[in-house]
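Just add 310 to the spot in the sequence shown (first one is 1) and you have the numbering used here. The beta-carbon is built from N, C-alpha and C at its ideal position, and this holds for glycine as well. This one's a predicted model, so the numbers in the text were calculated from it and none came from an experiment.
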Amino acid sequence: MGELGCIVLAAGESKRFKSKLPKPLHCLCGRPLIDHVLQTVSELDCYRTAVVVGVGREQMVAHLEGHEVQTAVQAEQLGTGHAVMCAQPLFENFDGPILVTCADVPLIRPQTLQALVDEHQRRNACATVLTAVFDDPTGYGRIVRDDDGLVTSIIEHRDATEEVLAIQEINSGIYIFDTQPLFKTLAEIGPDNDQGEYYLTDIISRFVAAGQPVAALAAQAPQEIIGINDRAQLAEAEAIARHRIRRRLMSEGVTLMDPASTFIDADVHIGRDTVVWPGSFILGKTTIAEDCTIGGHAVIEDCEIAEGTQIRHCSVVRNSTIGRGVTIGAGAFIGSNTTIIAPITIGQGAYVAAGSTINRDVPADALAIGRDRQENKEGYARRLRK
Ligand code: UD1
Ligand code: CA
């Protein structure tokens, strides 16, 4: 099979989320939802990844700078089918299969996407849908199959009859389509449903009616296709993602004394034989080397911490680089952009002023300032402007 194209839908209005910030920019384990999806997709090595943006377009475009993606604009939110159509110009000269996925399904793993690609090829399908069986399928589109078990359509929750609502197999919102039939058929669908939108899901029954083969793959771990429409689902996904992070770190040789009370963000790296005591938060883009001791109840955010460092009980450390063998006492406050040159001890309750470079021990309860004193030259800026 040739290369794979990819379209990520991220233009929607997110009514149920009730936020001022576009939903794809909300964080899950310290990383925006859209970045989770893009990180996963990047492992498939796509020919091109297009992100469809609409609501909060400026913020989305600004965020996506520096990502290896192209953006397509959906000016009006007319539905998922319409959103895919907006990306068509970016696939003008492309004829391979296209992965369509959503910014609000962040837990999907690369191996599951790869399995979907493989299934699409193996079944020689025009469309292959990733599905899952949920105990509570409320809100999701239902997978309707015929007596032979073949998929015949996807029906949205709000358009479903009682009989269809009883179906527990749901649509993940993740599919592989052959490019030509995808765009040809999208141009034919209409907004004939409860929301008056152009549904991508309508493609399925149209393919089936035209005799174009549709396949489905059920995800092995249904958890990974949770869609985040509201804050409760965000919390549910957060719990799953945090659990995964802790399991991975432990499997890599990090000791977590009480995993359940330990919060570690997605972009944190921790070296072997580091021990994290209960109640600690390790956040943002933090790297902790081997053989460190962290906490309990420490908060560490955007830090680089060298080998053998001890961060004591209740320390709050932000935006700091901490050298080898540093010890930071309980209740000590390290101002932002502080550099601490090891070996050094910062006593209990000590304060270190922001922007300091510290190369001597700081006694308990002292305030250390290690930078030049500021000078204000009155009226100087005005003179410069003249
Ligand atoms: C969608 C599926 C549903 C599936 C569920 C899985 C449709 C019609 N329904 O429902 O079958 O079970 O996902 O999570 O596709 N979007 C746009 N432009 C739009 C509308 C949506 O880009 O005009 C984007 C959203 O930003 C989101 C994605 O498409 O990332 C899905 O839209 P959403 O409104 O969340 O669809 P669901 O109701 O969850
Ligand atoms: Ca959704």
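| query | result |
| --- | --- |
| Under 8 Å by Cβ, that's how I've got Asn481 and Ile453 pegged, so tell me the actual separation to the nearest angstrom. | 6 Å |
| For ligand 2, which residues have a Cβ under 5 Å from at least one heavy atom, in chain order? | Asp414, Gly537 and Asn539 |
| Measure the alpha-carbon distance for Ala321 versus Asp568 and round it to whole angstroms. | 39 Å |
| Tell me the residue span of the alpha helix (DSSP H) that contains Val347. | Leu343 to Ser352 |
| Among the residues of its own chain, which have a CB less than 6 Å from the CB of Gly635, if the five just before and after it don't count? | Gly618, Ala652 and Pro653 |
| What span of residues does the beta strand (DSSP E) with Gly391 cover, start to end? | From DSSP, Gly391 is part of no beta strand (DSSP E) but of the alpha helix (DSSP H) over Thr390 to Cys396. |
| On the CB-based measure, 16 or more other CB atoms within 10 Å of its CB, does Met311 come out buried or exposed? | With a pLDDT of 46 at Met311, under the threshold of 50, the predicted position of this residue should be treated as unreliable, and no value is reported. |
| State yes or no: is the C-beta of Gln387 nearer than 7 Å to some heavy atom of ligand 1? | yes |
| I want to check one thing, is the minimum distance from the CB of Ser515 to the heavy atoms of ligand 1 below 7 Å? | no |
| Look up Met311 in the DSSP assignment and say whether it is helix, strand or coil. | Confidence is the limiting factor: at Met311 the pLDDT is only 46, short of 50, which leaves the residue's position unreliable and the question unanswerable from this model. |
| Residues in the same chain with beta-carbon distance under 8 Å from Asp671, minus the five sequence neighbours each way, listed in chain order, please. | Ile654, Thr655, Ile656 and Gly657 |
| In chain order, what residues of the same chain have a beta carbon less than 7 Å from the beta carbon of Ile679, not counting five sequence neighbours either side? | Ala663 and Ser666 |
| What's the call for Cys316, buried or exposed, on a 16-neighbour Cβ count within 10 Å? | buried |
| What does DSSP give as the partner residues of Pro407 in its beta bridges? | Asp488 |
| Could you check whether the stretch 537 to 546 touches the stretch 487 to 496, counting it as contact only if at least three pairs of C-beta atoms, one from each stretch, sit closer than 8 Å? | no |
| Any heavy atom of ligand 1 closer than 7 Å to the Cβ of Cys337? | no |
| CB of Val474 to nearest heavy atom of ligand 1: below 7 Å? | no |
| So, at 7 Å on beta carbons, what are the nonlocal neighbours of Thr495 in its own chain, with the 5 sequence-adjacent residues on each side left out? | Ile513, Arg516 and Phe517 |
| Given this structure, state the Cα-to-Cα distance separating Pro416 from Ile615, to the nearest angstrom. | 29 Å |
| Considering only C-alpha positions, which residue in the set Arg455, Thr422 and Ile464 is nearest to Gly449? | Ile464 |
| Quick one: grab the DSSP three-state call for Phe591. | strand |
| Does DSSP put Lys330 in a helix, in a strand, or in coil? | coil |
| Is Gly500 near ligand 1, going by C-beta to nearest heavy atom under 7 Å? | no |
| Would you tell me roughly how many angstroms separate the C-alpha atoms of Cys339 and Gly589, rounded to the nearest one? | 16 Å |
| Which parts of the stretch 454 to 521 are runs of the alpha helix (DSSP H), unbroken and 4 residues or longer, counting only runs that do not cross its ends? | 472 to 475, 489 to 496 and 512 to 519 |
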